[in-house]
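Asker:
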Amino acid sequence: MSGEQHQHVVGTEGRPPPATVTTSTCTTSTPIDSSTGSPKPSPPPSPKRSPRAPKEDLFYWVKKTSFLQRDVSYICQNINGPCPLLAICNVLLLRGHVSIDEHLHVMGPSNFIFARDVVSIVENRLAERVMLTEVVALVQTLQVGLDVNVQFHDIGAFEYTNACAIFDLLDMRLVHGWVVDPQDTAAYSLLAHKSYNQIVDRLIDYHSIESKAQSIPILMKERSLSMDDAALKVDQITTEGPVIDAFLADSASQLTYVGLIQLHEDLKERELAVFFRNNHFSTIFKSKKRTMRSPTLKSTFATGKEARQAMKSVQNVTSWPFRVYRIVNST
């Protein structure tokens, strides 16, 4: 779930919000035989491994960009996916906290880095700050994803997990823009301090109810409720369900106008952070009242286009329809 946006939105005081800029860092990695110019044959299938284990032969393309008057390397995804590892490493690269130069390999006119080296770089940075074996071990899993559970009252609100400790230990904020509007009193009172998983559970209950008469005995049996309590529960579900449905439909891009304003206001000048949206992680940066982010879009490396694009609106920003899903911890 990812997308771009270019429609103008007027602010609450009659003026548009500050411009936001996007940097794309994704590509496809197909090894090329330098002697023939043809793609190399695929290697034989490797033994089965845990989907959370890093693949030994996986690599990422590397590009250079000008950042605060410095030439800085940044890492591109090889396939579209969540990959918080790259967002975290790119923050460290842009800060100047780590270097990947000694790990670069050359393929024709391009450079690449093996995924195992990216994991090692982040692990070593963590080890400089704290020796928590269980936290450092989590870096291995960041290559394929990170379970996060958004809460809707603030851009920095997530259900806290051990994996979130990585951001704290690196002095790095994890933020999102999926914030409910306080002026929508019905939605705000229901959703503000709940998590994504909690509202999805309620939405599932709502869509499973066929009629009050049929649902009361079912709830009495499944949840050991009295008839009166089951009736009250059905009333609650049928009241809350349409509000949740409307909020998810209206914010299908997982970025609301209130969230966009909070990002502009709450991020500090020259702050680098990791931005979560549409199940993707990207690098976000504020400079001169503009907020720049780097989503992992496939086309940028292949086309060589400049990575930064303006993010001015929350409308028409996703290429895929929103689907409700439940986050399940893999541990």
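So for the sequence shown, my numbering puts the first residue at 299; every next one is plus one. Quick reminder that beta carbons are idealized off the backbone N, C-alpha and C, glycines included.
1) By the DSSP assignment, the alpha helix (DSSP H) with D445 in it spans what residues?
2) Judging by CA-CA distance, which residue of D503, Q552, K584 and S364 is the nearest neighbour of K531?
3) State buried or exposed for G557, treating a residue as buried only when at least 16 other CB atoms are found within 10 Å of its CB.
4) Which of helix, strand or coil does DSSP assign to D548?
5) Which first and last residues belong to the alpha helix (DSSP H) in which L467 is found?
6) What residue from G475, G406 and P480 has the CA that sits closest to F573's CA?
7) Just grab the DSSP bridge partners of T483 for me.
8) Using the rule of at least 16 other Cβ atoms within 10 Å of the residue's Cβ for burial, across every protein chain shown, is P515 buried or exposed?
9) Please report the straight-line C-alpha distance between D355 and F410, rounded to a whole angstrom.
10) Closer than 6 angstroms by C-beta to L472: which residues in its own chain qualify, once you throw out the five before and the five after it? Chain order, please.
11) Can you check whether the CB of V433 is closer than 8 angstroms to the CB of L467?
12) Within a Cβ cutoff of 7 angstroms, which residues of the same chain sit near K586, ignoring the five residues on either side of it in sequence?
13) Per DSSP, what are the beta-bridge partners of D369 in this structure?
14) Could you tell me the distance, in whole angstroms, from the CA atom of C374 to the CA atom of C381?
15) For L636 and L384, what's the separation of their Cα atoms in angstroms?
16) Would DSSP call M470 helix, strand or coil?
17) Given that a residue counts as buried once 16 or more other Cβ atoms are within 10 Å of its Cβ, and exposed if not, what is A528?
18) Can you tell me where the alpha helix (DSSP H) holding N422 begins and where it ends?
19) Compute the Euclidean distance between the alpha carbons of F369 and L489, then round it to the nearest angstrom.
20) Using a Cβ-Cβ cutoff of less than 6 angstroms, which residues in the same chain neighbour H451 once the five nearest sequence positions on both sides are dropped?
21) Could you tell me which residues DSSP pairs with Y358 in its beta bridges?
22) Under 6 angstroms Cβ to Cβ from S332, same chain only, skipping five residues before and after it: list those, please.
23) What is the residue span of the beta strand (DSSP E) that H401 lies within?
24) Tell me the residue span of the alpha helix (DSSP H) that contains S506.
25) Rounded C-beta distance between I386 and L440? I'm assuming under 8 angstroms.
26) Taking I357 as the reference, give the member of V396, M470, V417 and S364 with the closest Cα.
27) Drop a sphere of 10 angstroms on the beta-carbon of T537, count the other beta-carbons inside from all chains shown, and report buried for 16 or more, exposed for fewer.
28) At which residues does the alpha helix (DSSP H) containing N376 begin and terminate?
29) Straight-line CA distance for A463 to A435?
30) Alpha carbons only, please: which of L366, T363, Y372 and K362 is nearest the one belonging to S580?
Answerer: Let's see:
1) Along the sequence shown, read from residue 1 onward, the residue named residue 445 stands at position 147. From DSSP, D445 is part of no alpha helix (DSSP H); its letter is neither H nor E.
2) The count along the sequence shown starts at 1 and reaches residue 531 at position 233. It is D503 whose Cα lies nearest to the Cα of K531.
3) Position 259 of the sequence shown, counting from 1, holds the residue named residue 557. Counting Cβ neighbours within 10 Å, G557 comes out buried, since at least 16 surround it.
4) To locate residue 548, count along the sequence shown from 1; it is residue 250. Note: D548 maps to helix in three-state DSSP.
5) Within the sequence shown, the letter at position 169 stands for residue 467. Counting along the chain, the alpha helix (DSSP H) containing L467 begins and ends at A463 to L467.
6) The sequence position of residue 573 within the sequence shown is 275, counting from 1. The option with the nearest alpha carbon to F573 is G475.
7) As a working mapping, residue 483 is identified with position 185 in the sequence shown. Bridge partners of T483: none, in fact.
8) Stepping through the sequence shown from its first residue, residue 515 is reached at position 217. So P515 ends up on the exposed side.
9) Mapped onto the sequence shown, residue 355 falls at position 57. Mapped onto the sequence shown, residue 410 falls at position 112. Between D355 and F410, the C-alpha separation is close to 12 angstroms.
10) Here residue 472 is taken as the residue at index 174 of the sequence shown, counted from 1. These residues qualify, in order along the chain: F465 and V572.
11) On the sequence shown, position 169 is the one that residue 467 refers to. On the sequence shown, position 135 is the one that residue 433 refers to. In contact: L467 and V433 (Cβ atoms closer than 8 angstroms).
12) Your numbering for residue 586 matches position 288 in the sequence shown. Cβ within range, chain order: n/a, list empty.
13) Taking the first residue of the sequence shown as 1, we reach residue 369 at position 71. Its beta-bridge partners are S364.
14) Position 76 of the sequence shown, counting from 1, holds the residue named residue 374. Position 83 of the sequence shown, counting from 1, holds the residue named residue 381. C-alpha separation (whole angstroms): 10 angstroms.
15) The first residue shown for the chain is 299 and the last is 629, placing residue 636 beyond what the model contains.
16) As a first step, residue 470 must be located in the sequence shown, where it is residue number 172. Note: M470 maps to coil in three-state DSSP.
17) Taking the first residue of the sequence shown as 1, we reach residue 528 at position 230. A528 is buried by the Cβ-count criterion.
18) The sequence position of residue 422 within the sequence shown is 124, counting from 1. It spans A413 to R427 - the alpha helix (DSSP H) in which N422 sits, taken as one unbroken run.
19) Here residue 369 corresponds to residue number 71 of the sequence shown, with the count starting at 1. Here residue 489 corresponds to residue number 191 of the sequence shown, with the count starting at 1. First, the amino acid is wrong: residue 369 is Asp here, not Phe. Taking the straight line from one Cα to the other gives about 43 angstroms.
20) As a working mapping, residue 451 is identified with position 153 in the sequence shown. Closer than 6 angstroms at Cβ, skipping near neighbours: A490 and H491.
21) Position 60 of the sequence shown holds residue 358. DSSP output for Y358 lists I411 as bridge partner(s).
22) Against the sequence shown, residue 332 aligns to sequence position 34. With a pLDDT of 45 at S332, under the threshold of 50, the modelled position of this residue cannot be trusted; read the value that follows with caution. The answer is none, since no qualifying residue turns up.
23) On the sequence shown, residue 401 is found 103 positions in, with the first residue counted as 1. Note, H401: premise wrong, no beta strand (DSSP E); not H, not E.
24) Stepping through the sequence shown from its first residue, residue 506 is reached at position 208. Y494 to S506 is the extent of the alpha helix (DSSP H) around S506.
25) Residue numbering aside, residue 386 sits at position 88 when the sequence shown is read from its first letter. Residue numbering aside, residue 440 sits at position 142 when the sequence shown is read from its first letter. Going by Cβ atoms, the distance from I386 to L440 rounds to 7 angstroms, so yes, they are a contact pair.
26) In the sequence shown, the residue the question calls residue 357 occupies position 59. As written in the sequence, residue 357 is Phe, which differs from the Ile given in the question. It is V417.
27) Within the sequence shown, the letter at position 239 stands for residue 537. T537 should be labelled exposed.
28) Locating residue 376 in the sequence shown gives position 78, where the first residue counts as 1. Careful: N376 lies outside any alpha helix (DSSP H) and carries neither H nor E.
29) On the sequence shown, residue 463 is found 165 positions in, with the first residue counted as 1. On the sequence shown, residue 435 is found 137 positions in, with the first residue counted as 1. When rounded, the distance between both Cα atoms is 12 angstroms.
30) Locating residue 580 in the sequence shown gives position 282, counting from the first residue. Nearest C-alpha to S580: Y372.
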